Amino acid sequence: MSNEAVQEAEASGHFAFFSSQNSKFNYTYNKIREVKSYRIGELFAAYRDILWDDGRHKYNVSSFIGEIDEILLGERFSTFDQNTLDNLIGTLRQRGNSNATINRKMAALSKLLRKAHKMGDIHSLPEFRRQKERAGRIRFLERDEEARLFAAIRSRSEDAYRLSVFLVDTGCRLGEALGLIWNDIQEHRVSFWITKSGRSRTIPMTERVKDVIKLPPNTEGRRPKGPFTKLTQAQYRAIWNEAKAEVGLGADDQVVPHILRHTCASRLVQGGIDIRRVQMWLGHQTLSMTMRYAHLATNDLDGCVVVLEKPRSDEQSARPAENSAFASPLTTPTPVPSSRKESGSEPVKAPRKRSKGK
84 MSNEAVQEAE ASGHFAFFSS QNSKFNYTYN KIREVKSYRI GELFAAYRDI LWDDGRHKYN
144 VSSFIGEIDE ILLGERFSTF DQNTLDNLIG TLRQRGNSNA TINRKMAALS KLLRKAHKMG
204 DIHSLPEFRR QKERAGRIRF LERDEEARLF AAIRSRSEDA YRLSVFLVDT GCRLGEALGL
264 IWNDIQEHRV SFWITKSGRS RTIPMTERVK DVIKLPPNTE GRRPKGPFTK LTQAQYRAIW
324 NEAKAEVGLG ADDQVVPHIL RHTCASRLVQ GGIDIRRVQM WLGHQTLSMT MRYAHLATND
384 LDGCVVVLEK PRSDEQSARP AENSAFASPL TTPTPVPSSR KESGSEPVKA PRKRSKGK
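To get this note's numbering, take the position in the sequence shown, counting from 1, and add 83.
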């Protein structure tokens with residue numbers, strides 16, 4: 084770089100342009116910012132509306148961040164080091180949090196800190212390592228449970244019943260269904276644009292889904308924006324909890340609206356649909372999420388039972404090497420031609436050549 088170019092760069096202070104025979108470079112100089120310190124709660128207040136949509140998930144995240152801020156005793160920081168994170172995880176585990184719960188709380192914290200780091204509020208990030216989770220039992224509804232539960236829901240709200248049928252036959256999330264508008268439904272298919280993974284998907288509809296998306300006659304004369312926009316998540320969950328208590332499922336804490344998504348996935352796998360297609364149907368971002376249902380694909384192992392229970396005949400037992408598909412050519416005797424068996428004569432040996440020296 085020439086001295087003239089250096090002088091020109093120092094004179095500009097903020098922007099410089101350098102050129103050489105082969106390439107050109109633009110350099111920008113950022114202003115020096117004052118290093119400040121923040122509490123976790125302050126960062127959450129600044130970025131919560133940017134990072135999380137309103138709803139139940141945002142409410143849960145607010146609870147997670149509040150607990151983390153309380154554990155950290157409201158400490159202010161400009162860097163978040165690894166030791167602080169490790170101590171935080173240790174405290175959560177001492178409080179009885181499972182690894183799955185710790186992972187959810189750390190996911191919220193990681194998302195917040197990455198945003199703060201990007202905006203220049205904090206200047207270093209720790210390494211977030213996912214805790215190993217145990218593969219728990221996946222609860223899904225049997226057909227009779229579905230019938231009893233849906234009947235109790237229908238007695239309280241026709242709209243909630245229609246939504247329940249839609250959820251169990253599409254496997255979509257509750258928020259995805261409530262966010263549907265009429266343009267998302269085309270002939271025999273429904274498209275989900277607002278999804279947890281950020282990836283849209285389109286799936287075909289069953290016959291009963293086609294029926295439940297048809298609204299009953301509206302005396303008000305106005306059509307809502309979508310098939311389920313009259314309901315909110317809080318309203319639907321309240322109806323759900325009343326109905327499940329009525330049918331004797333009130334003590335089962337796994338019978339929540341999300342169980343309808345598990346039920347859909349379980350029925351697809353048990354019906355012989357391959358895991359890749361189930362992943363596309365549910366909109367899972369990774370195949371590992373769908374593999375939770377793979378153990379239900381028991382039909383793939385039925386052929387093993389057939390092989391194990393296949394009877395062996397007496398002839399196969401007597402001559403296993405001859406009849407086995409895996410017989411070795413080194414151990415299986417070569418069959419003797421029939422003509423030799425009948426004559427009983429020994430095979431003629433070729434005369435041995437004598438050496439010239441003898």
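Glycine included, C-beta positions come from ideal geometry on N, C-alpha and C.
All values reported here derive from a predicted model rather than from experimental measurement.
Following the continuous beta strand (DSSP E) through Ile286, name the residue where it begins and the one where it ends. 284 to 287
How many Å lie between Ala235 and Ile221 at the Cα? 23 Å
Check whether the Cβ atoms of Asn186 and Gln165 sit closer than 7 Å, and answer yes or no. no
Which two residues bound the contiguous alpha helix (DSSP H) that contains Arg159? Note, Arg159: premise wrong, no alpha helix (DSSP H); not H, not E.
Can you tell me whether DSSP reads Arg272 as helix, strand or coil? strand
Taking the beta carbon of Cys387 as the centre, do at least 16 other beta carbons fall within 10 Å, making it buried, or is it exposed? exposed
List the DSSP bridge partners of Tyr121. Phe160
Along the alpha helix (DSSP H) that carries Ala243, what are the first and last residues, could you check? 241 to 253
If we count the other Cβ atoms within 10 Å of its Cβ and call it buried at 16 or more, is Ile172 buried or exposed? buried
Among residues of its own chain, excluding the 5 on either side of Phe211, which ones have a beta-carbon nearer than 6 Å to its beta-carbon? Met189, Ser193
Go ahead and label Arg139 buried or exposed: buried means 16 or more other beta carbons lie within 10 angstroms of its beta carbon, across all protein chains shown. exposed
Under the three-state DSSP convention, the category Phe311 falls into: coil
Taking just the CA atoms, how far does Gly258 sit from Phe160? 36 Å
Hey, is the region 119 to 128 in contact with the region 193 to 205, meaning 3+ C-beta pairs nearer than 8 Å? yes
Neighbour flag for Asp169 against chain D, beta carbons, 7 Å: Note that chain D does not occur in the displayed structure, where there is just one protein chain.
What's the call for Arg282, buried or exposed, on a 16-neighbour Cβ count within 10 Å? exposed
Close Cβ partners of Glu153 (< 7 Å) along its chain, the five nearest in sequence each way excluded: none
Just to check my reading of the structure: Pro310 and Ile296 have Cβ atoms closer than 8 Å, yes? What is that Cβ distance to the nearest angstrom? 4 Å
Can you tell me whether DSSP reads Ala128 as helix, strand or coil? helix
Mark Lys327 as exposed unless 16 or more other C-beta atoms lie within 10 angstroms of its C-beta, in which case mark it buried. buried
Using DSSP with H/G/I as helix, E/B as strand and the rest coil, what is Met202? coil
Is Gly366 buried or exposed, if buried means 16 or more other CB atoms sit within 10 Å of its CB? buried
Determine the direct distance from the alpha carbon of Thr373 to that of Leu250, and round the result to whole angstroms. 17 Å
Taking buried to mean at least 16 other C-beta atoms within 10 Å of its own C-beta, is Val389 buried or exposed? exposed
Would you identify the three-state DSSP class for Ala348, choosing helix, strand or coil? helix
Return the Cβ separation of Val330 and Arg231 in integer angstroms, given the expectation that the two are a contact with Cβ distance under 8 Å. 4 Å
Can you check which of these residues, Glu229, Ile358, His200, is closest to Val339 by C-alpha distance? Glu229
Lys279, DSSP secondary structure in three states: coil
Out of curiosity, what's the CA-to-CA distance linking Arg359 and Leu343? 20 Å
State buried or exposed for Tyr376, treating a residue as buried only when at least 16 other CB atoms are found within 10 Å of its CB. buried
Measuring alpha carbon to alpha carbon, tell me which residue in Ser181, Met363, Leu168 is nearest Ser207. Leu168
Tell me which residues share the same chain as Thr346 and place their Cβ nearer than 6 Å to its Cβ, disregarding the 5 neighbours each side in the sequence. Phe223, Leu224, Val251
Through-space distance from Gln177 to Asn170, alpha-carbon basis: 11 Å
Alpha carbon to alpha carbon, what distance is there between Ala191 and Ile148? 7 Å
Can you have a look at Ile65 and say buried or exposed, based on whether 16 or more other CB atoms are within 10 angstroms of its CB? No answer is possible for residue 65: it lies beyond the span of the chain, which begins at 84 and ends at 441.
From Tyr244, Arg131, Glu216, pick the residue whose C-alpha is nearest to that of Ser321; which is it? Rather than Ser, the amino acid found at residue 321 in this sequence is Ala. Ala321 has its Cα closest to that of Tyr244, out of Tyr244, Arg131, Glu216.
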